[in-house]
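Number of protein chains: 2
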Amino acid sequence: MSPFPALHGVSLFFFFFTSLYITTEITTVQSQINLWPLPRNISWPNPQATLLSPTFEIILSPALNNHLYLSPAVSRYNLLILTEHYQPVLTPTVNLTNSTLTLQSLTITVADQTAPLHYAVDESYTLNIPTVGSSANLTANTVWGALRGLETFSQLVWGNPSRVMSGLDVWDAPLYGHRGVLLDTARNYYAVSDILRTIKTMSANKLNVFHWHITDSQSFPLVLPSEPELAQKGSYGLAMQYSPEDVKMIVEFGLEHGVRVMPEIDAPGHTGSWAGAYPEIVTCANMFWSPPGTPYADRYASEPGTGQLNPLIPETYEVLKNVINDVAGLFPDPYYHAGADEIVPGCWEADPTIQNYLSNGGTLDQLLETFINSTLPYISSLNRTAVYWEDVMLDATVNVTSSFLPPDKVILQTWNNGPNNTQLIVSKGYRVIVSSADFYYLDCGHGGWLGNDSRYDEQVEDPPGQPFNYVGGDGGSWCDPYKTWQRIYDYDITYGLNETGAKLVLGGEVALWSEQADSTVLDGRIWPRASALGETMWSGNRDETGKKRYAEAINRLNEWRYRMVSRGTMAEPLQPLWCLTHLGMCNLD
Amino acid sequence: MSPFPALHGVSLFFFFFTSLYITTEITTVQSQINLWPLPRNISWPNPQATLLSPTFEIILSPALNNHLYLSPAVSRYNLLILTEHYQPVLTPTVNLTNSTLTLQSLTITVADQTAPLHYAVDESYTLNIPTVGSSANLTANTVWGALRGLETFSQLVWGNPSRVMSGLDVWDAPLYGHRGVLLDTARNYYAVSDILRTIKTMSANKLNVFHWHITDSQSFPLVLPSEPELAQKGSYGLAMQYSPEDVKMIVEFGLEHGVRVMPEIDAPGHTGSWAGAYPEIVTCANMFWSPPGTPYADRYASEPGTGQLNPLIPETYEVLKNVINDVAGLFPDPYYHAGADEIVPGCWEADPTIQNYLSNGGTLDQLLETFINSTLPYISSLNRTAVYWEDVMLDATVNVTSSFLPPDKVILQTWNNGPNNTQLIVSKGYRVIVSSADFYYLDCGHGGWLGNDSRYDEQVEDPPGQPFNYVGGDGGSWCDPYKTWQRIYDYDITYGLNETGAKLVLGGEVALWSEQADSTVLDGRIWPRASALGETMWSGNRDETGKKRYAEAINRLNEWRYRMVSRGTMAEPLQPLWCLTHLGMCNLD
């Protein structure tokens, strides 16, 4: 894989501006076509619909018939298309061409059947649905592009009997190659079925990277062949583990849905759960995270619970290399997310060996350098690009200089300071994945979750204008307020970058950290807000005139939300249903 | 029914302080007994558990055997107790008495079998579970008290084979007689099954009033025998209506669960949906709510959509009296909530007849007086106490003086200004139901929901300390931030009141307004935060020393949340599961 992106937001963005040939029809079209994400290019000069034959079938060329991933996807879409009979909230008013003509098939042609699902693989496709003619055509350079086109086709079908928009040509391709959802399965556990449903819904939103934050201080649910004790003693119990077979199923399911599964094993911080199996390699494990009377700067963890790997102990690397090797075996994706965020000095400083090291002139930065130098080459040796949280280089207290992080072997993921850190990272020549907490964190705005919080014991509301008053201000959520779909949709991840810098932006991820989430509320926390990311990463957030298109987008997103619900994903409602039947009446102005 | 409360927070509160005889055992007890809400009084000198007989049965005295509401409740609890086999996250460590002795039965004795489920009905009970002995005893003055005791008993049972805490005496009774959850079924629709599940879970939390905000400007889902066109033309469609049979089922289900169903038909504001059937009685219907260029003070509604009943038109009262009469027929509860909140001057002023009235010297206040005078006596004539939102008297722009609102016929529900308005209302001699938006609104902190909101198009996070910057401040939610369980739990609804004032506080309600909620996310929005209200209204938020007990409560609430989930209510998690297995480690300090 090329270390630098073949797709880049800025240049494709200009292409988007100049090539789009929908113009004034957009308003009419949008009430008829509720595609999400909106394709880059739709031509529909005479809006019509055609009945779908009850024997409609998707036809693959013989060479593709047994394709490991496309073939099951075709079976799945064929069933969906024939049986969904989705009834949009606003019934499309397009005329049927001629009720005796029905669409018999969709024929798929793929140029390159072997391109793997890696970053920047070609996901483009063209889709042509004729007004008169028995077959529609879907053409793509790769099977992954064909998957995207199948989803688009499925969203053009509605009603009972089923009909499909016709006389329509679509050309489509993503602006960004990395379009992800991060799920933290360590603070709370999610069933395998939750993960599969999330991947399925990601695919329907043309999102293509499931960033699986598998482990953290609270639990280690992943059963590893070489290190089974980590899960045995670090998971929430036998019923809350992911076996190698589970992982295999999830990875395969991802491939059948065009979704990469990128594993994250966070280290050296966020590793308290490793202490069950290996107490000797974890500093400050099982300590109270922020003892009374201790300055906040000296706390043991950024949140309960505590624990960091000790970079000075050889056994740390024996265990960690087993982990990395096992994970690389389980997850074929070329990216390995190695974490390295939020190293808390107090936790290392609580350890006698480290105290000794520091008193002999060693520094915290050197500890991290040792750790990176002892692990990054190993990750690279397994043909994995290491993804680190930006902290590894940008943390104010503990970091390494860029000389330890070769830009061809490392990608940084940003979460602090919005566009400023993105700019800082690309200015140093690194590729970046954007998951700014100010815009993309799905857990924000849900109040505090720590117990015994006397700040809530307040009988009179704080007056406005006092943001530092706890409850009247942020309500206890460090990244308050809640990020709405519009907040996510409107963010430009290359804001303030020049063309060179913008090319280093691989894409973005929304993130659900699970302190206050588990299976019970998963769908509503992620959807439809991750759909907003899906569109802004795929075809952008602007119309053909360059104007932000959020006013038009909500109508499609509302309809898409109801369709996701009907497909089994409990996406939350964005507005009263009344707003869907009274288009534009729920706008601000 | 007495117009003044027989239960009152303050006096019982002192009683609570002086009579409780658990003292130092509380810490031990709390890790063994995860009752929610905590009873007022538990004596458990020697914590033990007894196996439940596989043929365990709840025995009603013959006179109660066919009780309309208690009898089905007994069947329900008998099944639950025998089949639940709930496994707490932390397994209780109490010893089994003797595995050959099993508890054979729970015998229920009720003094008054006929007391109706009205405000301030006696809900007290005593429960005795012997260490040696074949039957436990539950004694109550009313069937409603027996229901509360059955729930307590069910929460003392766990494991497989089932065992029950024994050697235990409970005396229990609520601090407040009105303990409610408001659900708005007009902004978005909820299935009857959602409402039933909500009522079931309320009962498990000893909450006793389902405040059903049935109708609003967005929809009128209630099918009324005398006015069927209101739902026919004002609901979201045939599949999103509540038939008289649905209502009957919900009311009966409520009675079997000890939960009153208090209907609210909001008027004269929030009535846009009435215009489908009766356009002539609704002013400003179907107008854009806040036209560009119009000052916010002159908008047509506080949110989309628009519409207020016209107080000057006789037909308004013909329709409304039919509605009130039908609703009184469908809902036996002695309270009728008549709304009267958020009257927007611009909507009335948009109407020619009202313009004429105003230009002839009439005032907006007089319009509201006319409306109240034309409807309140009718409500009273049906033996209903009218509940109004506080706006009717306290709104800054349109209100009536207290002379129009006889305190023996009217209860006010407060939602603004926290304790200040509670104080204002009781100072005028009114009974009050507290649902302060600052503490009890469950929809807050979820961002804005209006479309086309350019304020989200912001690429750089606002600096801290700028609360009026839209996105960096409240995120678009007018009542930001999100109200956490601790926020709800810690609020004292009689704060700042003297004893006379406190006696007028009937209780409290948490409220879920449904602009951003429907079936998909209902459970997680309400639970377990409404559980926090359940306990603070039932047995208070302080321990026996008078100290707020939130630090202890979260352990019980965490366990109770998992039990609610296992019983089928998708309550959201409050913390990582790790916090439940590491008690106290997730505290602030």
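For the protein sequence lines, the chains are H and B, in the order given. Under the UniProt record's numbering, the first residue of the first sequence carries the number 1, and numbering increases by one thereafter. Under the UniProt record's numbering, the first residue of the second sequence carries the number 1, and numbering increases by one thereafter. Glycine residues also receive a C-beta, built at the ideal position from the N, C-alpha and C atoms.
Note to self: I believe Asp391 of chain B touches Asp443 of chain B by the beta-carbon criterion, under 8 Å. Please report the beta-carbon distance rounded to the nearest angstrom.
What the structure shows: No, Asp391 of chain B and Asp443 of chain B are not in contact; Cβ-Cβ is about 18 Å, not under 8 Å.
Margin query: Check whether the stretch 179-191 of chain H and the stretch 217-226 of chain H are in contact - that is, three or more C-beta pairs closer than 8 Å.
Written below: yes
Notebook entry, point to check: Which parts of the stretch 396-464 of chain B are runs of the alpha helix (DSSP H), unbroken and 4 residues or longer, counting only runs that do not cross its ends?
Noted result: 418-427 and 437-440
Check: With burial defined as no fewer than 16 other Cβ atoms inside 10 Å of the residue's Cβ, what is the status of His213 of chain B: buried or exposed?
Finding: buried
Check: When DSSP labels each residue in this structure, what does Asn558 of chain H get in the three-state scheme?
Finding: helix
Note to self: Distance check for Ala386 of chain H and residue 607 of chain B, CA to CA, integer angstroms please.
What the structure shows: For chain B, the structure presents residues 1 to 589; residue 607 of chain B sits outside this window and is missing.
Item checked: Proximal residues of chain H, C-beta to C-beta of Pro528 of chain B below 9 Å -> Here the premise fails: no neighbours, minimum Cβ distance about 11 Å.
Note to self: If we define contact as Cβ-Cβ less than 8 Å, is Glu461 of chain B a contact residue for chain H?
What the structure shows: yes
Check: Alpha carbon to alpha carbon, how far is Ser380 of chain H from Tyr456 of chain B?
Finding: 40 Å
Check: Checking contacts by CB at 8 Å: is Gly565 of chain B closer than that to chain H?
Finding: According to the sequence as given, residue 565 of chain B is Val; it is not Gly. Yes, contact with chain H.
Check: Does Ile383 of chain H have its Cβ less than 8 Å from a Cβ in chain B?
Finding: A quick correction: the sequence has Asn, not Ile, at residue 383 of chain H. It does not; no Cβ of chain B falls within 8 Å.
Item checked: Cβ contact check for the stretch 411-425 of chain H and the stretch 348-363 of chain H: 3 or more pairs under 8 Å -> no
Item checked: Span separating the alpha-carbon of Gly418 of chain B from that of Phe439 of chain B -> 8 Å
Notebook entry, point to check: Mind checking if Arg299 of chain B is an interface residue toward chain H, Cβ cutoff 8 Å exclusive?
Noted result: no
Notebook entry, point to check: Are the C-beta of Asn188 of chain H and some C-beta of chain B separated by less than 8 Å?
Noted result: yes
Check: Of all the CB atoms in chain B, is at least one closer than 8 Å to the CB of Ser193 of chain H?
Finding: no
Check: To the nearest angstrom, how far is it from the Cα of Asp333 of chain H to the Cα of Arg384 of chain H?
Finding: 8 Å
Next item on the list: Could you spell out where the beta strand (DSSP E) holding Asn128 of chain H opens and where it closes?
Entry: Tyr125 to Ile129
Check: With 8 Å set as the bound, which would you pick, yes or no: does the beta-carbon of Gly115 of chain H sit closer than that to a beta-carbon of chain B?
Finding: Looking at the sequence shown, residue 115 of chain H is not Gly but Ala. So no, Ala115 of chain H is outside the interface.
Notebook entry, point to check: Where does Val323 of chain B sit, in a helix, a strand or coil, going by DSSP?
Noted result: helix
Note to self: Along the stretch 520-551 of chain H, where does the CB come closer than 8 Å to a CB of chain B? Name the residues.
What the structure shows: Thr520, Val521, Asp523, Gly524, Lys548, Tyr550 and Ala551
Check: Do Leu504 of chain H and Val432 of chain H have their C-beta atoms closer together than 8 Å?
Finding: yes
Notebook entry, point to check: Under a three-way DSSP split, which group does Arg179 of chain H fall into?
Noted result: strand
Next item on the list: Only counting runs of 3 or more residues, tell me where the beta strand (DSSP E) segments fall wholly within the stretch 272-343 of chain B, in order along the chain.
Entry: 335-339
Check: Would you say His582 of chain H reaches chain B, if we count a Cβ-Cβ gap shorter than 8 Å as a contact?
Finding: yes
Notebook entry, point to check: Along chain H, in chain order, which residues have C-beta atoms closer than 7 Å to that of residue 590 of chain B?
Noted result: This structure leaves residue 590 of chain B out entirely; chain B is present only between 1 and 589.
Next item on the list: Determine, using beta carbons only, whether Trp560 of chain H comes closer than 8 Å to chain B.
Entry: no
Margin query: Is Gly507 of chain B close to chain H? Criterion is C-beta to C-beta, closer than 8 Å.
Written below: no
Check: Going by the CB atoms, is the gap between Ser71 of chain B and Ser105 of chain B shorter than 8 Å?
Finding: no
Checklist line | Sheet register partners of Gly140 of chain H (DSSP bridge) | finding: Checking the sequence shown, residue 140 of chain H turns out to be Ala, not Gly. DSSP lists H:Val110 and H:Tyr125 as partners of Ala140 of chain H.
Next item on the list: Please look up how many angstroms separate the CB atoms of Thr375 of chain H and Asn310 of chain H, rounded, as I've assumed it's under 8 Å.
Entry: About 13 Å; that fails the 8 Å criterion.
Next item on the list: Within 10 angstroms of the Cβ of Leu87 of chain B, are there 16 or more other Cβ atoms? Answer buried if so, exposed if not.
Entry: For clarity, residue 87 of chain B is Gln in the given sequence; the question names Leu instead. Exposed.
Checklist line | Proximity test, Cβ basis, 8 Å: Thr50 of chain B and chain H | finding: no
Check: In the stretch 432-447 of chain B, which residues sit with their C-beta less than 7 Å from some C-beta in chain H, listed in chain order?
Finding: Asp438, Gly445, His446 and Gly447
Note to self: Could you check if Pro314 of chain H belongs to the surroundings of the ligand ATP, using beta carbon to heavy atom distance under 7 Å?
What the structure shows: In terms of ligand content, the structure shown is empty, and the ligand ATP therefore cannot be addressed.
Note to self: If I measure Cβ to Cβ from Trp449 of chain H and keep anything under 7 Å in the same chain, skipping five residues before and after, which residues do I get?
What the structure shows: Glu515 and Gln516
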